[in-house]
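Chains A and B, in that order, are what the protein sequence lines are.
Residues 519 to 794, numbered by the numbering used here, are exactly what the first sequence covers, in order.
Residues 18 to 237, numbered by the numbering used here, are exactly what the second sequence covers, in order.
Backbone N, C-alpha and C fix where the C-beta goes; we use that ideal spot for every residue, glycine too.
Remember, predicted model here, so these are calculated numbers, not experimental data.
All remarks here apply to the structure that follows.
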Amino acid sequence: MFRLEGVGRRYGRGRWALVDIDLTVPPGATVAVVGDNGAGKSTLLRIAAGVLGPSRGRVLCRPAPVGYVPERFPVTTRMSALAYLRHLGRVRGLGTATATRRAEELLERLALTGDPTGPLNALSKGNAQKVALAQALLISPELLVLDEPWSGLDAVTHPVVVDMLAEVRAAGCAVLLTDHAAGVTRVAASAVHRLHRGRLVLNETPLNPAEPVFRVELAGGGDLDWLSTLDIRAMDQLDGHLTVQIEAGHRHALLQAALEHGWLVESLTRVGGAGQ
Amino acid sequence: MTALVRYQLAVLTTSQRFLPPLLLFLVTIAVLNSDTPDPLLHLYGISAGVLLPVTTWLTVALVNGESPEQLAISSVTARGHKRTVVASVLSALCVVLVLTAVALGVPLMHTATPTQVVEVVDGLLSHLTSGLAGIAAGLLCSRPLIRRPGTALAAGLVLVLALAFLRNLPPVNTSVRLLLTGGSAPDLPDRLASDAAVALILLTASAVVTVRVRTVRGVR
Chain A
519 MFRLEGVGRR YGRGRWALVD IDLTVPPGAT VAVVGDNGAG KSTLLRIAAG
569 VLGPSRGRVL CRPAPVGYVP ERFPVTTRMS ALAYLRHLGR VRGLGTATAT
619 RRAEELLERL ALTGDPTGPL NALSKGNAQK VALAQALLIS PELLVLDEPW
669 SGLDAVTHPV VVDMLAEVRA AGCAVLLTDH AAGVTRVAAS AVHRLHRGRL
719 VLNETPLNPA EPVFRVELAG GGDLDWLSTL DIRAMDQLDG HLTVQIEAGH
769 RHALLQAALE HGWLVESLTR VGGAGQ
Chain B
18 MTALVRYQLA VLTTSQRFLP PLLLFLVTIA VLNSDTPDPL LHLYGISAGV
68 LLPVTTWLTV ALVNGESPEQ LAISSVTARG HKRTVVASVL SALCVVLVLT
118 AVALGVPLMH TATPTQVVEV VDGLLSHLTS GLAGIAAGLL CSRPLIRRPG
168 TALAAGLVLV LALAFLRNLP PVNTSVRLLL TGGSAPDLPD RLASDAAVAL
218 ILLTASAVVT VRVRTVRGVR
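See below:
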């Protein structure tokens, strides 16, 4: 199973951008990493995708092929979007005809508004981002790494991308993505982790020692969209059971929303913070 | 690998950054062959010397034709930095072979005296030496090893001038000087071949360093 073990990363002799990261992304799962700007999300994703090597620790069992979508996609080349995708499709092992057909399908589905036969560097930021998404999905990846997939995309494209992610997940692809807000849960992530100053905030390590953290165990519901409006710390979903970590101040809102959406509250435990 | 080389050559040809070095080379060939013909080896020596900066420039244009993010995507698509660097070397080599064919062929159309095959082989070896060394220098002057265009230009100039003009520094200086002065030494092809081998070693070392830096420092 694809996992990062004790991964640390520093650039040159600077500060550590990532410290002791343990992260597992099972096939068919979507793991989301949320965090502020500069928390180390992009570095973590580059290491997961294999663009960057870790300074410490190991990346194990990375599935292939990998699809990688960077946070921004500035292009200097004047090649057209279609030609670019056709070339990358061929690098993936597709025939020219298949690659072209697949590229046209994806661009149409993502509703590229620019000219697909015009130069890439003339596309707007959002349209360039669509091309970046399309190249990762030319073939069915076994690992898909997306750096803030929602940034730069227009709202009408969001559901299309959500559908596309659901399709690759159904095919057994492991998905790892970042977002700077917990809004990422709109894709029904199976686990959400918060990255803070290069460290993954996991179970019993509270972000702010003065603020207690509660673990809420829920069962029975299905639709997870309601979670996107809440500021949750970490989340894990397994066989209809949902474990959510949330700061004390938000726990009533979480319980209320859970009950409204038909979830049963199985337990509410204080796991960290003041008084521990 | 073929698909990757095709992609990189497409990036190069759509960028138009290849035009200045290409024009420099073609003008050199034209000027060399416009007058009463010099001895063939002399012509080959000069064009091989000019091929060094031209190849360095073209290699930088080839590698820097992709933005860092684009290069990251290409490396993931190609399954690793190693394969993208090997593809860059092969793409640059394609260009070197075309330029070498022009440099070797044009004088043959103008010369009145009968040509010996061995002279063309000598010219080929010297051009390959310059080409391989030029690719090696170009890799070291492109992103992510050197990020700023100004620094890349300065480093490229220093590398190319050192390789071309430091007396008896193998492989390019020795190879070109052999053609310009060596004349009819019986072991000329052997000595040219050993210079080409040194250039190949330089290129391998440069490629290994490039893969390592991309992995350790990232592609930015």
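Worksheet item: So, does the CB of W534 of chain A fall closer than 8 Å to a CB anywhere in chain B?
Response: Working through the first sequence from its first residue, we reach residue 534 of chain A at position 16. No, W534 of chain A lies away from the interface with chain B (no Cβ there is under 8 Å from its Cβ).
Discussion item. Output needed for G66 of chain B: all residues of its chain with C-beta closer than 8 Å, excluding positions within five of it in sequence on either side, in chain order.
Written reply: Walking along the second sequence from the start, residue 66 of chain B turns up at place 49. Counting only Cβ-Cβ distances below 8 Å, and skipping sequence neighbours, we find S147, A181, V189 and V193.
Worksheet item: Taking Cβ to Cβ, would you say S658 of chain A is nearer than 8 Å to V549 of chain A?
Response: Within the first sequence, residue 658 of chain A is the residue found at index 140, counting from 1. Within the first sequence, residue 549 of chain A is the residue found at index 31, counting from 1. Taking 8 Å as the cut-off, the beta carbon of S658 of chain A is found no closer than this to the beta carbon of V549 of chain A.
Discussion item. According to DSSP, is D681 of chain A part of a helix, a strand, or is it coil?
Written reply: On the first sequence, position 163 is the one that residue 681 of chain A refers to. In this structure, D681 of chain A counts as helix in the three-state DSSP scheme.
Discussion item. Under 8 Å: do the segment 764 to 781 of chain A and the segment 583 to 591 of chain A share three or more Cβ pairs, one atom per stretch?
Written reply: The segment 764 to 781 of chain A, when compared against the segment 583 to 591 of chain A, does not touch it at the 8 Å Cβ threshold.
Item to complete: With 7 Å as the C-beta to C-beta threshold (strictly closer), list the residues of the segment 760 to 777 of chain A near chain B in chain order.
Response: Taking 7 Å as the upper bound on Cβ-Cβ separation, chain B lies near no residue of the segment 760 to 777 of chain A.
Fill in: Residue closest to G619 of chain A, alpha-carbon to alpha-carbon, out of A:E660, A:Q653, A:L695 and A:L782
What you label residue 619 of chain A is simply residue 101 of the first sequence in a count that begins at 1. Checking the sequence shown, residue 619 of chain A turns out to be Arg, not Gly. Among A:E660, A:Q653, A:L695 and A:L782, the Cα nearest to that of R619 of chain A is on A:Q653.
Discussion item. Give me the chain A residues within the contact set of R23 of chain B, using Cβ-Cβ distance strictly less than 8 Å, ordered along the chain.
Written reply: The residue you call residue 23 of chain B lines up with position 6 of the second sequence. Per Cβ cutoff of 8 Å: H605 and R608.
Worksheet item: Is F591 of chain A close to chain B, meaning its C-beta is less than 8 Å from at least one C-beta of that chain?
Response: Indexing the first sequence from 1 puts residue 591 of chain A at position 73. For F591 of chain A, the answer is yes, since a Cβ of chain B falls inside 8 Å of its Cβ.
Discussion item. Taking the straight line between their C-alpha atoms, what separation do you get for V93 of chain B and T31 of chain B?
Written reply: Stepping through the second sequence from its first residue, residue 93 of chain B is reached at position 76. Stepping through the second sequence from its first residue, residue 31 of chain B is reached at position 14. So the two alpha carbons sit approximately 22 Å from each other.
Worksheet entry | Counted within 10 angstroms of its Cβ, other Cβ atoms place I539 of chain A as buried (16 or more) or exposed | Here residue 539 of chain A refers to the residue found at position 21 when the first sequence is read from its first residue. Buried, by the Cβ-count rule.
Item to complete: Flag this pair as yes or no: are the beta carbons of R717 of chain A and V537 of chain A separated by less than 8 Å?
Response: Here residue 717 of chain A is taken as the residue at index 199 of the first sequence, counted from 1. Here residue 537 of chain A is taken as the residue at index 19 of the first sequence, counted from 1. Taking 8 Å as the Cβ cut-off, R717 of chain A and V537 of chain A qualify as a contacting pair.
Worksheet item: Exposed or buried, which one is H770 of chain A when buried takes at least 16 other CB atoms within 10 Å?
Response: By one-based count along the first sequence, residue 770 of chain A stands at place 252. Looking at its Cβ environment, which holds fewer than 16 other Cβ atoms inside 10 Å, H770 of chain A is exposed.
Discussion item. What ranges does the beta strand (DSSP E) occupy inside the segment 572 to 626 of chain A, keeping only unbroken runs of at least 3 residues that lie completely in it?
Written reply: Secondary structure remark: continuous beta strand (DSSP E) runs of at least 3 residues inside the segment 572 to 626 of chain A, in chain order: 574 to 578 and 584 to 587.
Worksheet item: Helix, strand or coil for D540 of chain A per DSSP?
Response: Here residue 540 of chain A is taken as the residue at index 22 of the first sequence, counted from 1. Here D540 of chain A sits in strand by DSSP.
Item to complete: Over the uninterrupted beta strand (DSSP E) stretch that includes M753 of chain A, give me the two end residues.
Response: Residue mapping note: residue 753 of chain A aligns to position 235 of the first sequence, counting from 1. Under the DSSP assignment, M753 of chain A falls in the beta strand (DSSP E) whose first and last residues are A752 to L756.
Worksheet item: Closest to A216 of chain B by CA distance: which of B:L40, B:L142, B:V28 and B:T76 is it?
Response: In the second sequence, the residue the question calls residue 216 of chain B occupies position 199. For the set B:L40, B:L142, B:V28 and B:T76, the Cα lying nearest the Cα of A216 of chain B is the one of B:L142.
Fill in: Per-residue contacts from A27 of chain B into chain A (C-beta, under 8 Å)
For this step, residue 27 of chain B is matched to residue 10 along the second sequence. Going along chain A in sequence order, the residues near A27 of chain B (Cβ under 8 Å) are M597, A601 and H605.
Item to complete: Name, please, each residue of chain A whose Cβ falls closer than 8 Å to the Cβ of I163 of chain B.
Response: For the purposes of this step, residue 163 of chain B is identified with residue 146 of the second sequence, where counting begins at 1. Think of a sphere of 8 Å around the beta carbon of I163 of chain B: no beta carbon from chain A falls inside it, the nearest being about 15 Å out.
Discussion item. Quick check on DSSP: helix, strand or coil for I657 of chain A?
Written reply: As a first step, residue 657 of chain A is located in the first sequence; it is residue number 139 there, counting from the start. Under the three-state reduction of DSSP, I657 of chain A is assigned to coil, being neither helix nor strand.
Discussion item. Please tell me whether A652 of chain A has its Cβ less than 8 Å away from any Cβ of chain B.
Written reply: Reading the first sequence from its first residue, position 134 is the one you call residue 652 of chain A. Under the Cβ criterion of 8 Å, A652 of chain A is not counted among the residues facing chain B.
Item to complete: Kindly indicate which residue of B:H127, B:D139 and B:L125 has the alpha-carbon position closest to the one of T191 of chain B.
Response: As a first step, residue 191 of chain B must be located in the second sequence, where it is residue number 174. For T191 of chain B, the closest alpha carbon among the candidates B:H127, B:D139 and B:L125 is that of B:D139.
Discussion item. So T232 of chain B contacts chain A; which residues on that side make the cut at Cβ distance below 8 Å?
Written reply: In the second sequence, residue 232 of chain B corresponds to position 215, counting from 1. The contact set of T232 of chain B on chain A, defined by CB atoms closer than 8 Å, consists of L570 and G571 in chain order.
Practice prompt. Would you check if the distance between the CB atom of P545 of chain A and the CB atom of L600 of chain A is smaller than 8 Å?
Written response: As a position in the first sequence, residue 545 of chain A is number 27, starting the count at 1. As a position in the first sequence, residue 600 of chain A is number 82, starting the count at 1. At the C-beta level, P545 of chain A and L600 of chain A stay beyond 8 Å of one another.
Practice prompt. Taking only the alpha-carbon atoms, compute the straight-line gap between P588 of chain A and C158 of chain B and give it to the nearest angstrom.
Written response: Working through the first sequence from its first residue, we reach residue 588 of chain A at position 70. Working through the second sequence from its first residue, we reach residue 158 of chain B at position 141. Distance between the alpha carbons of P588 of chain A and C158 of chain B: 25 Å.
Discussion item. Can you check whether the C-beta of A567 of chain A is within less than 8 Å of a C-beta belonging to chain E?
Written reply: In the structure shown, chain E does not exist; the protein chains are A and B.
Worksheet item: Could you check where the beta strand (DSSP E) with Q763 of chain A kicks off and where it finishes?
Response: To locate residue 763 of chain A, count along the first sequence from 1; it is residue 245. Element bounds for Q763 of chain A: H759 to E765.
Practice prompt. Hey, could you find the ends of the alpha helix (DSSP H) E778 of chain A is sitting in?
Written response: Residue mapping note: residue 778 of chain A aligns to position 260 of the first sequence, counting from 1. R769 to E778 is the extent of the alpha helix (DSSP H) around E778 of chain A.
Discussion item. Quick check on this structure: which residue in A:A640, A:A629 and A:D741 has the alpha carbon closest to the alpha carbon of L651 of chain A?
Written reply: For the purposes of this step, residue 651 of chain A is identified with residue 133 of the first sequence, where counting begins at 1. Looking at the Cα atoms, A:A629 is the closest of the given residues.
Discussion item. So, at 8 Å on beta carbons, what are the nonlocal neighbours of G558 of chain A in its own chain, with the 5 sequence-adjacent residues on each side left out?
Written reply: Residue numbering aside, residue 558 of chain A sits at position 40 when the first sequence is read from its first letter. Closer than 8 Å at the Cβ level, and outside the excluded window around G558 of chain A, lie R527, A535, L536, L713, R715 and G716.
Discussion item. Taking the beta carbon of D741 of chain A as the centre, do at least 16 other beta carbons fall within 10 Å, making it buried, or is it exposed?
Written reply: Here residue 741 of chain A refers to the residue found at position 223 of the first sequence. The residue in question, D741 of chain A, is exposed, as its Cβ has fewer than 16 Cβ neighbours within 10 Å.
Fill in: Reduced DSSP category for R194 of chain B - H, G, I as helix; E, B as strand; rest coil
Residue numbering aside, residue 194 of chain B sits at position 177 when the second sequence is read from its first letter. It is helical.
Worksheet item: From P124 of chain B to A202 of chain B, what distance separates their C-alpha atoms?
Response: Taking the first residue of the second sequence as position 1, residue 124 of chain B is located at position 107. Taking the first residue of the second sequence as position 1, residue 202 of chain B is located at position 185. Taking the straight line from one Cα to the other gives about 22 Å.
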